[in-house]
Structure formats: C-alpha cells, structure tokens
Amino acid sequence: MTTTALKPALSTTGTIDFFNGTKDGGEAYVDYAANTNNLNKPLTVAVMAHDLRYASPRLTWQKDNFELIERPTDVTAEQFLDKSPKGKDFIEGAYYRDCKALVEEVTGCKNVVPFMYQTRHQPYVVKDIFDKRVKNGGLPAVHVDRDPGNLQYRLKWVFGEDKAERLMQKHKRISIVNIWRPFGANAEVMPLAMIKHNAIEDLTYESHMRRVYSRNDPTVGTKGYKGHETSAIHDHRYLYYYVSNQTPDEVLVFNSFDTDVKKVVPHAGLRDSNTRADAPDRRSVEARCWVFYDDE
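Using the numbering used here, read the sequence shown as starting at 2 and increasing by one per residue.
Structure below.
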C-alpha cells in the first residue's frame with residue numbers, strides 16, 4: 002500500500018480584536034488605578050492567517066516590513082526570566098548585542114540602538130485588560146507600539162530631551178524594530194499575527210489607528226511616559242500572517258513603529274482555532290531597537 006505524506010497546513014483560522022469606539026463617544030481611555038475604561042467591546046473578527054513558513058514568494062523585512070528568521074540564541078529561559086539587576090545587565094549586554102547585529106543585517110542600517118526588552122507569559126485563555134493572568138501577557142488586540150504623537154516621549158526617556166530633539170530633526174525616518182521569539186517551548190498559544198496592508202493606498206495613522214489614553218499608568222516608572230496606546234481599526238483589505246509552532250531558535254523581526262506609516266506592522270496575538278487543548282503556556286521575549294535612517 003502506498004503512503005502519501007501529509008502536506009503542511011498553509012494557513013489557519015482564528016479571531017483577533019479591533020478597536021470599536023467608546024461608550025460615550027469621547028476620547029478612549031483606560032484608568033488602571035480605578036479598573037475602568039470607556040471602551041466598547043472590541044470588534045472580534047474571524048480571520049484566515051497564512052503561515053509565513055510556506056509563503057511564496059517569501060516575505061522579507063525589506064519588502065514586507067516583517068520576516069521570519071532562524072537565529073538561535075545561547076540565552077536560556079532562566080536567564081530571560083531573571084529580573085535581578087545582574088540578570089538584566091546580562092540581557093542588556095549579550096542579548097542586545099545579538100539583536101543589534103541582527104537588525105543591522107536585516108535593515109542595512111548602522112544607526113541601531115536596542116533600548117528595551119520584555120518577557121511575556123501568555124496563558125491559554127485571557128479575559129480582558131484587567132485579567133490578572135495577563136499582567137505580563139498580551140491580548141488579541143491589534144495595535145502598533147507607537148505613533149507620531151507619542152514618539153517624542155520614548156525618545157526623550159531613552160536619550161534625554163536634547164539628544165532626542167536632535168535625532169528627530171536629523172532623521173526624517175525613525176522606526177522601532179521588534180525582535181520577538183518564544184522561549185522554553187514553541188509558540189502554540191496565541192501566535193503573533195502580522196498584518197499586511199499594502200493594498201490600502203490611503204492608509205494613515207489617522208485613518209486606521211485610534212488612540213487609547215492611559216490614566217494612572219503603573220508602568221511609567223519602568224518604561225517612561227507613553228500617554229496612549231495606538232489601536233487599529235478593522236479594514237477588510239488586511240492580510241494576516243502567523244508562524245506555526247514558532248521555535249525558540251526563530252525570531253519574528255518586524256516594524257512595530259515607523260514614521261512612515263506604510264512600513265509599520267499592526268500586530269496582535271491570534272486566537273488560533275487549531276491550537277491543541279493541552280498546548281503549553283506561551284512564554285516570549287521581545288527586544289526593541291531604535292533605527293535611524295540617514296537617506297530617507
């Protein structure tokens with residue numbers, strides 16, 4: 002009897018959430034101290050996400066602003082999770098050096114500055130932004146990490162006010178490149194979804210993003226003032242991509258912010274309808290790098 006090899010799945014189905022307005026018609030806000038907000042229930046959208054592993058032609062950062070790259074690391078799960086000053090210094094030394102080198106290779110730019118990293122623990126099921134289980138996790142809410150309205154705050158927090166002003170005057174294009182990988186196990190629960198929006202010629206931050214203002218933000222002391230989150234609204238022209246069973250040796254490299262809105266990548270955790278019931282919690286680390294372009 003002839004046995005036919007099973008072909009790999011080229012896509013999956015699932016849901017993600019988009020901004021859906023406010024209850025009072027006012028500016029969107031979340032008050033972390035009072036556990037209140039004026040947000041409508043998110044718009045949950047059923048999507049088909051294409052597996053980056055099998056995309057043809059292959060998607061690359063240079064062409065598509067996100068890319069899957071094999072990049073093993075010697076950093077262990079225990080080292081990523083070590084929150085002691087010594088542990089933090091280790092990551093900001095050894096791991097930052099590798100991230101900087103990778104971003105330089107991918108972008109072709111030498112003005113690369115790693116500036117933060119964050120580990121996340123994603124349980125199988127999450128409820129909402131106040132669910133204690135996602136204090137250091139994520140939600141299936143499509144967003145970008147910055148917009149031109151709060152770029153200056155993070156630059157000033159990292160570089161100081163004077164240097165930040167000089168950087169903004171010197172460089173017409175500035176981006177944040179995110180290096181995202183799971184650790185400890187493959188990323189099966191809520192894999193990271195990338196949104197491709199090339200078909201939307203008139204896309205702007207104003208047309209497709211909405212600001213959700215932060216009140217009593219508990220992270221100001223450790224991450225600096227941000228002012229607001231930048232959430233995306235739905236557009237039927239979006240295309241969705243993910244990575245099946247992303248391994249700790251693989252990284253997603255993508256623009257989580259860009260002054261050129263055509264190059265920013267909205268992203269979110271995907272509620273993958275094909276995730277097995279006994280999949281392990283997802284643990285991941287993301288490192289972010291400033292990239293300052295001279296010729297754009």
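Just so you know, even glycine gets a beta-carbon here, dropped at the ideal spot from N, CA and C.
This one's a predicted model, so the numbers in the text were calculated from it and none came from an experiment.
*Quick one, which of Arg-54, Val-266, Gly-22 has its alpha-carbon nearest His-198's?*
For the purposes of this step, residue 198 is taken as the residue at position 197 of the sequence shown. Checking every option, the nearest Cα to that of His-198 belongs to Val-266.
*asked:* If you follow the beta strand (DSSP E) that Pro-183 is in, where does it begin and where does it stop?
replied: For the purposes of this step, residue 183 is taken as the residue at position 182 of the sequence shown. 174-183 is the extent of the beta strand (DSSP E) around Pro-183.
*How close, in whole Å, do the beta carbons of Phe-255 and Asn-151 come, if the pair is a contact with beta carbons under 8 Å?*
Within the sequence shown, the letter at position 254 stands for residue 255. Within the sequence shown, the letter at position 150 stands for residue 151. Actually they are not in contact, since the Cβ atoms of Phe-255 and Asn-151 sit about 19 Å apart, beyond 8 Å.
*Do you know offhand how far Leu-184's Cα is from Pro-249's?*
Against the sequence shown, residue 184 aligns to sequence position 183. Against the sequence shown, residue 249 aligns to sequence position 248. Correcting the residue identity first, residue 184 is Phe in this sequence and not Leu. Spanning the alpha carbons of Phe-184 and Pro-249 requires a straight line of approximately 5 Å.
*Alpha carbon to alpha carbon, what distance is there between Ala-278 and Asp-146?*
In the sequence shown, counting from the first residue as 1, residue 146 sits at position 145. In the sequence shown, counting from the first residue as 1, residue 278 sits at position 277. Between Asp-146 and Ala-278, the alpha-carbon positions lie close to 30 Å from each other.
*Inter-residue Cα distance where the pair is Gln-123 and Ile-196*: Taking the sequence shown and counting its residues from 1, the one referred to as residue 123 is at position 122. Taking the sequence shown and counting its residues from 1, the one referred to as residue 196 is at position 195. Roughly 20 Å between the two C-alpha positions.
_Own chain partners of Pro-43 with C-beta closer than 8 Å, once the 5 adjacent residues on each side are dropped_ = Walking along the sequence shown from the start, residue 43 turns up at place 42. Asp-18, Phe-19, Phe-20, Asn-21, Ala-142, listed in sequence order.
*asked:* Please classify Tyr-55 as buried or exposed, where buried requires at least 16 neighbouring CB atoms within 10 angstroms.
replied: On the sequence shown, residue 55 is found 54 positions in, with the first residue counted as 1. Looking at its Cβ environment, which holds fewer than 16 other Cβ atoms inside 10 Å, Tyr-55 is exposed.
*Please state if the CB of Glu-68 and the CB of Val-107 are separated by a distance shorter than 8 Å.*
Position 106 of the sequence shown holds residue 107. Position 67 of the sequence shown holds residue 68. Yes, Cβ-Cβ distance for Val-107 and Glu-68 is below 8 Å.
*asked:* When you compare the CB positions of Ile-175 and Ser-257, do they come within less than 8 Å of one another, or not?
replied: Position 174 of the sequence shown holds residue 175. Position 256 of the sequence shown holds residue 257. The answer is no: Cβ separation not under 8 Å.
*DSSP state of Leu-7 mapped onto helix, strand, coil*: The residue given as residue 7 occupies position 6 in the sequence shown. Low local confidence applies: a pLDDT of 47 at Leu-7 is under 50, so the model's placement there is unreliable, and no value is given.
*Quick one: complete alpha helix (DSSP H) runs, 4+ long, within the stretch 170-241?*
206-209, 221-224
*Look up Asp-259 in the DSSP assignment and say whether it is helix, strand or coil.*
Here residue 259 is taken as the residue at index 258 of the sequence shown, counted from 1. DSSP places Asp-259 in strand when its eight states are reduced to three.
*Continuous beta strand (DSSP E) stretch holding Glu-28: start and end*: Numbered from 1 along the sequence shown, position 27 holds the residue referred to as residue 28. Counting along the chain, Glu-28 falls outside any beta strand (DSSP E), and DSSP gives it neither H nor E.
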